[in-house]
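Chains as they are written, first to last, in my numbering: chain A, 1 to 369; chain B, 1001 to 1370. We put the beta carbon where it would ideally sit given N, CA and C, even for glycine.
Shown next as structure tokens:
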């Protein structure tokens, strides 16, 4: 193998990328956009949820309850004239939940029997149900206190120390995970498409007929994308640190090693896809299904892996994104070192070497006459 | 009414279909992959928190603590952590446990007995959602156990909320996730395929041939897009069948209305794909452009994160997003049986979007060609 020949192929690829400023701009715009949207738009705590309220009691107690709800910034009160119309508003997508206060609310409360209010939730909407339920759980005590004026001191004080993210800042949680998604998109999609393009145009045959060996072609073609990927990482890293103030407690070298392994795995997978598919449309479909969607949905980015059924928990172990996700989060927030992260690193290295071997073999087998 | 099919468009449709479906692998990706994805994500995705690894610092003769741990492990939320270290902080740091209960030195039982009950928990908060749930779980278990052990009777707060969850009373994950996954998959397939198919013609140079052929621009546009509308529509019954038969997601509304809604949505997404392909030159650019649209569109659709929480600018984007309308309509039709006001207004919005997008791409088509 000669470095010079690989470099020549790499140079050609760099020209390809530079000649097409649109793709380059998109490659940089995409991470910027993703980080901005996630950083700004996504808040896991509920706010301004519209709730229909039917007050059948119309007493001081019921008014206090409604005030307590309305004064929290979680809910916007939407008064309904009848019980029926309150529920209908949930049906018509106007409100997310309906609170129905029975006519005997204050009477029951004062008589010491305990008052009950009915809360009807919209079970078709997964994004709010959970948080509304947990909110009303704590509301029970709070509202009781406000209305009756009696403090209820709990028997035990629970002191919770939230390690690594004491203020439960959503951005600290999301942005390190985004690294993984951004890298996944850039590496697997761009490589599979760029190699497939050579097959589609027939220029791959041309490349192969030159003295360059298959391995040199692979290295040359993929190297610019390694740089592009690392550039994107640096970019997201800068936004995370400077824009969102996410702490970075770990070692940069450990993080770089993880990124490198992950990038290599996905580049190899992209190469494998393009060899198998040969056309850009098919490559894109396969890359999307095998690379992008799993890295976003099955990597533990938003949906916790531990909650998945056992079969899927095992399945996620085959995904490089799952391992890099834990490396990225732990290095950022926990400051983990290589020793703490030995399982993710070993797993990632195994998947990486396996994928590279398969990709190179398959590429060689397909091009040799 | 007799419909006369324009032979040019018919020719286009035949060509597009044979091109898209010639490759058996492409056929698989187009029809089998959505079913597979639907199954995969329908089962696997849940935002519930389960199987949290719990560890605790033992104290001699601390029965309350033992009961708390027993209760926790008996619930589906916690499993016992295998720990090799003693220090609670190190247990979390080395990722052996997700949460560690640290009672006071004299033990939880004694401290409560003296009226100064206090217990600390260390929670790994690198996942915010998980950390919040874990705290809430522990708190409720603790209250229960203390009330039991000290015979204080559960001091129920005087106000009680009786919660009823409509449409999905047992909070089944597939019912929550399926409409969202459905809209995403349809969107992915139609937008990317449409835009890439047009830019493929540009890349290979056959586009010039098309333009120089004696066909009208609207015929080219319709001929290139109609097949993808049809492909998208053919995916609907497949995905719907998986949702209903494999996951038992209810289909309470009218099937025909659902198909009409899907048709309007697919027209809009195909129009988005067309617009992208008009602006771009190569398939790679189309793909990236598609992503640039898809990514925010999926995130800002209310599928995973409530739109109400977003800042104003993002809210505006969310309401300019076709997925938002289709998703809400899909949930409404499938789970709530369909509210005519919601359906009509959302259909109107989607139709308007499709018309505007098509007009823009038609004009752009014109200018790029002449």
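Chain B residues whose Cβ lies nearer than 7 Å to that of residue 162 (chain A): What residue 162 (chain A) touches in chain B: 1123, 1125 and 1131.
Beta-carbon gap between residue 247 (chain A) and residue 333 (chain A) smaller than 8 Å: yes
Buried/exposed call for residue 203 (chain A), threshold 16 Cβ in 10 Å: exposed
Enclosing beta strand (DSSP E) for residue 974 (chain B) [first to last residue]: Look at the range of chain B in this structure, 1001 to 1370, and you will see that residue 974 (chain B) is not part of it.
Burial state of residue 1327 (chain B), where buried means 16 or more other Cβ atoms lie within 10 Å: buried
Residues that residue 266 (chain A) bridges to, as DSSP identifies them: In DSSP, residue 266 (chain A) forms no bridge with anything.
CB contact check: residue 180 (chain A) to chain B, cutoff 8 Å: no
Beta carbon proximity, residue 1114 (chain B) to chain A, threshold 8 Å: no
is_contact[residue 1033 (chain B), chain A] using C-beta, thresh 8 Å: Yes, residue 1033 (chain B) counts as interfacial toward chain A.
Sub-8 Å separation of residue 238 (chain A) and residue 175 (chain A) beta-carbons: In terms of Cβ geometry, residue 238 (chain A) and residue 175 (chain A) do not form a close pair [threshold 8 Å].
Selected residue, minimal CA-CA separation from residue 1022 (chain B), among A:67, A:210, A:282 and A:115: A:282
Host beta strand (DSSP E) of residue 1101 (chain B) (start-end): 1099-1102
Residue 1296 (chain B): contacting residues in chain A (beta-carbon distance under 7 Å): 33 and 37
Exposure of residue 1162 (chain B), with buried meaning 16 or more beta-carbon neighbours within 10 Å: exposed
Any chain A beta carbon closer than 8 Å to residue 1001 (chain B): Because the pLDDT of residue 1001 (chain B) is 46, which lies under 50, any placement of that residue in the model is unreliable, and the question is left without a value.
Cβ pair residue 1088 (chain B), residue 1122 (chain B) closer than 8 Å: yes
Residue 219 (chain A) versus residue 1026 (chain B): straight-line alpha-carbon distance, rounded: 28 Å
Contact with chain B by residue 64 (chain A), beta-carbon distance below 8 Å: no
Secondary structure of residue 1001 (chain B), DSSP reduced to three states: With a pLDDT of 46 at residue 1001 (chain B), under the threshold of 50, the predicted position of this residue should be treated as unreliable, and no value is reported.
Entirely enclosed alpha helix (DSSP H) segments - the segment 1129-1215 of chain B, minimum 4 residues: 1173-1204 and 1206-1212
Boundaries (first-last residue) of the beta strand (DSSP E) holding residue 1078 (chain B): Counting along the chain, residue 1078 (chain B) sits inside the beta strand (DSSP E) bounded by residues 1078-1080.
Proximity of residue 1041 (chain B) and residue 1181 (chain B) at Cβ, strictly below 8 Å: yes
Members of the segment 1260-1287 of chain B near chain A, C-beta cut-off 8 Å: 1280, 1281, 1282, 1283, 1284, 1285 and 1287
Exposure of residue 259 (chain A), with buried meaning 16 or more beta-carbon neighbours within 10 Å: buried
Any chain A beta carbon closer than 8 Å to residue 1119 (chain B): At least one chain A Cβ lies under 8 Å of residue 1119 (chain B).
Given residue 1094 (chain B) as reference, the closest of B:1065, B:1053, B:1073 and B:1060 once Cα atoms are compared: B:1053
Within 8 Å of chain B by C-beta, residues of the segment 165-180 of chain A in sequence order: 165, 166, 168, 169, 170, 172 and 173
Among A:269, A:302 and A:340, the one whose alpha carbon lies nearest that of residue 319 (chain A): Considering only A:269, A:302 and A:340, the residue with the shortest C-alpha distance to residue 319 (chain A) is A:269.
Boundaries of the beta strand (DSSP E) in which residue 118 (chain A) is found, first to last residue: 115-122
Nonlocal neighbours in the same chain, by C-beta distance under 8 Å from residue 1018 (chain B), ignoring five residues either side: none
Secondary structure, alpha helix (DSSP H): runs of 4+ residues fully inside the segment 69-141 of chain A: 83-91 and 105-110
Element boundaries [alpha helix (DSSP H), containing residue 47 (chain A)]: From DSSP, residue 47 (chain A) is part of no alpha helix (DSSP H); its letter is neither H nor E.
Ordered list of alpha helix (DSSP H) runs contained in the segment 1241-1326 of chain B, each at least 4 residues: 1255-1279, 1283-1299 and 1312-1319
Under the three-state DSSP convention, the category residue 246 (chain A) falls into: coil
Proximity to residue 265 (chain A) [Cα-Cα], best of A:15, A:302, A:335 and A:225: A:225
Rounded separation between residue 80 (chain A) and residue 1258 (chain B) - CA only: 30 Å
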